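Each step along the sequence shown adds one to the number in full-length UniProt numbering, with nothing skipped, and position 160 is 160.
Data first, discussion second: the structure below is written as structure tokens.
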Amino acid sequence: MRYIRSGSLKRLFSMKRRSFDQEISSQNGSIEEDNHETLNIVSETEPPQKPTWKCFSFEEISDATNVFSSDNLVGKGGYAEVYRGVLKDGETIAVKRLTKASTDERKEKEFLTEIGTIGHVCHPNVSSLLGCCIDNGLYLIFQFSSRGSVASLLHDENLPTIDWKVRYKIAIGAARGLLYLHKGCQRRIIHRDIKSSNILLTADFEPQISDFGLAKWLPSQWTHHSIVPIEGTFGHLAPEYFMHGIVDEKTDVFAFGVFLLEIISGRKPVDGSHQSLHSWAKPILNRGEIEKLIDPRLGGAYDDEQTKRLAFAASLCIRASSTWRPTMSEVLEVMVEGDVDKERWEMPEDEEEQDEFWGFEDLERECGGSFSTSST
Numbered sequence: 001m002r003y004i005r006s007g008s009l010k011r012l013f014s015m016k017r018r019s020f021d022q023e024i025s026s027q028n029g030s031i032e033e034d035n036h037e038t039l040n041i042v043s044e045t046e047p048p049q050k051p052t053w054k055c056f057s058f059e060e061i062s063d064a065t066n067v068f069s070s071d072n073l074v075g076k077g078g079y080a081e082v083y084r085g086v087l088k089d090g091e092t093i094a095v096k097r098l099t100k101a102s103t104d105e106r107k108e109k110e111f112l113t114e115i116g117t118i119g120h121v122c123h124p125n126v127s128s129l130l131g132c133c134i135d136n137g138l139y140l141i142f143q144f145s146s147r148g149s150v151a152s153l154l155h156d157e158n159l160p161t162i163d164w165k166v167r168y169k170i171a172i173g174a175a176r177g178l179l180y181l182h183k184g185c186q187r188r189i190i191h192r193d194i195k196s197s198n199i200l201l202t203a204d205f206e207p208q209i210s211d212f213g214l215a216k217w218l219p220s221q222w223t224h225h226s227i228v229p230i231e232g233t234f235g236h237l238a239p240e241y242f243m244h245g246i247v248d249e250k251t252d253v254f255a256f257g258v259f260l261l262e263i264i265s266g267r268k269p270v271d272g273s274h275q276s277l278h279s280w281a282k283p284i285l286n287r288g289e290i291e292k293l294i295d296p297r298l299g300g301a302y303d304d305e306q307t308k309r310l311a312f313a314a315s316l317c318i319r320a321s322s323t324w325r326p327t328m329s330e331v332l333e334v335m336v337e338g339d340v341d342k343e344r345w346e347m348p349e350d351e352e353e354q355d356e357f358w359g360f361e362d363l364e365r366e367c368g369g370s371f372s373t374s375s376t
């Protein structure tokens with residue numbers, strides 16, 4: 001496997017620092033384009049800080065992870081492994097390394113894309129990059145998320161059920177993070193793989209969007225990207241993406257809708273019979289039978305109004321037509337406002353008739369296995 005030269009990667013980091021400095025000066029003007037009240041919800045009490053990443057030595061991260069001991073392996077994906085480590089100053093870190101078995105240059109490109117993307121952002125609900133290492137491979141170093149992913153907490157039968165208050169906090173925080181990626185950055189970022197396993201939790205259950213290996217920059221003058229090959233996760237792919245390769249903010253909005261349904265129901269995005277969560281939930285939402293969506297493990301201990309708002313937001317996000325999906329600023333409005341104007345979101349009858357969902361089996365049949373996806 002060929003690795004990028006040290007000087008090239010350092011120049012990349014230098015370029016991102018300058019880009020971030022420019023973002024700081026122009027960020028306020030960009031943000032004001034959104035609804036003012038909604039942005040009051042997502043604005044932070046402190047101004048954005050300049051990134052403080054650094055280049056770690058291989059010795060530092062090797063010592064921290066006990067020479068990448070299997071006991072410290074906390075996650076494994078298609079092209080990377082994540083290890084828990086402890087620096088000499090006592091700080092707990094997560095080290096993501098490109099697996100030695102990966103010889104696909106495209107995967108290396110995605111890894112470097114993640115460096116360029118995550119190193120550019122600064123938000124409490126987006127994973128914080130501490131630095132990188134370019135000795136003996138390619139490594140990203142993050143702050144360690146002690147509670148793991150939302151998926152692990154929701155679906156691990158050996159763990160206690162997440163109560164509603166925490167679920168609502170996770171949903172709101174994840175929405176804020178995604179809105180930041182779409183609107184708060186100087187250049188729009190489309191994540192392309194929003195799902196519960198890519199949303200990590202801090203010790204106080206603050207959600208952080210992670211894994212930017214599939215992320216795309218979207219220039220302001222572009223309406224969308226056209227992407228081949230199509231990649232992502234079954235059960236989260238928007239129709240326009242898996243059928244035509246079209247990617248924009250509404251692609252993430254669709255996936256976020258699936259995430260909301262997962263938070264509400266406790267069900268996995270795709271069940272054992274290959275039925276997608278959104279195709280299961282759509283008729284229930286249409287009938288207004290919200291109580292049938294709710295995770296029975298909650299035992300009725302949930303806020304009725306909050307649940308209705310999140311369910312309505314999810315119903316808007318998973319609309320088949322991207323035109324009729326809300327933006328993330330509008331999603332957040334629906335999620336937090338006391339009174340929701342449902343008439344505002346009514347579709348014409350002909351559009352409602354066309355707003356049918358493809359099931360998991362239909363997706364497989366249409367695409368014929370011609371693109372790369374994962375199921376977790």
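All C-beta atoms in this analysis are idealised placements derived from N, C-alpha and C, irrespective of residue type, glycine included.
Being a predicted model, the structure only gives us computed values, none of them experimental.
- Going by DSSP, A94 is part of the beta strand (DSSP E) stretching over 92-98.
- Here L293 is buried: its Cβ has 16 or more other Cβ atoms, across all protein chains shown, within 10 Å.
- The beta carbon of V258 lies closer than 7 angstroms to those of G235, H236, P269, L277, H278, I318 in the same chain, with the five residues before and after it left out.
- At least 8 angstroms separates the beta-carbon of A255 from that of T113.
- Judged by DSSP secondary structure, Y302 falls outside any alpha helix (DSSP H); it is assigned neither H nor E.
- The alpha-carbon of E333 is positioned some 44 angstroms away from that of F68.
- When the five nearest sequence neighbours on each side are left out, the beta carbons in the same chain lying within less than 7 angstroms of the beta carbon of I290 are those of T307, K308, A311, in order along the chain.
- L138: not part of any beta strand (DSSP E); DSSP gives it neither H nor E.
- Where R167 is concerned, the enclosing alpha helix (DSSP H) starts and stops at 164-179.
- The region 52-68 and the region 83-100 touch, with three or more beta-carbon pairs separated by less than 8 angstroms.
- The beta carbon of A313 lies closer than 7 angstroms to those of L260, V331, V334, M335 in the same chain, with the five residues before and after it left out.
- Here C133 really is in contact with F56; their C-beta atoms are around 4 angstroms apart, less than 8 angstroms.
- Taking 8 angstroms as the cut-off, the beta carbon of I118 is found no closer than this to the beta carbon of V150.
- Annotated three-state conformation of E59 is helix, per DSSP.
- Each residue's CA atom was taken as its position, placing T327 and T233 some 21 angstroms apart.
- Check the Cα spacing between V74 and each of E105, R147, G90, L129: the tightest is with R147.
- With a contact defined as Cβ atoms closer than 8 angstroms, S127 and Q186 miss out at about 19 angstroms.
- Leaving aside the five residues that flank Y180 on each side, the residues in its chain whose CB is nearer than 8 angstroms to its CB run, in chain order, V42, V121, H123, N125, V126.
- Counted as a single uninterrupted DSSP element, the stretch harbouring Y79 is not any alpha helix (DSSP H), since DSSP gives it neither H nor E.
- Rounded to the nearest whole angstrom, the C-alpha separation of T202 and L130 is 15 angstroms.
- In the structure shown, I263 adopts helical secondary structure according to DSSP, grouped into three states.
- The beta carbon of R325 lies closer than 7 angstroms to those of K250, V253, F254, L316, C317, R319 in the same chain, with the five residues before and after it left out.
- For L277, the enclosing alpha helix (DSSP H) stretches over residues 277-286.
- In this structure, L154 sits away from S210, with a CB-CB distance that is not shorter than 8 angstroms.
- The three-state reading of DSSP puts K250 in helix, counting H, G and I together.
- With fewer than 16 other CB atoms across the displayed protein chains lying within 10 angstroms of its CB, N136 is exposed.
- In the DSSP annotation of this structure, L129 is not part of any alpha helix (DSSP H); the continuous beta strand (DSSP E) holding it starts and ends at 129-133.
- In the structure shown, the three-state DSSP call for V86 is strand.
- By the neighbour-count criterion, in which a residue is buried when 16 or more other Cβ atoms sit within 10 angstroms of its Cβ, P296 is exposed.
- For L332, the uninterrupted alpha helix (DSSP H) segment begins and ends at 328-336.
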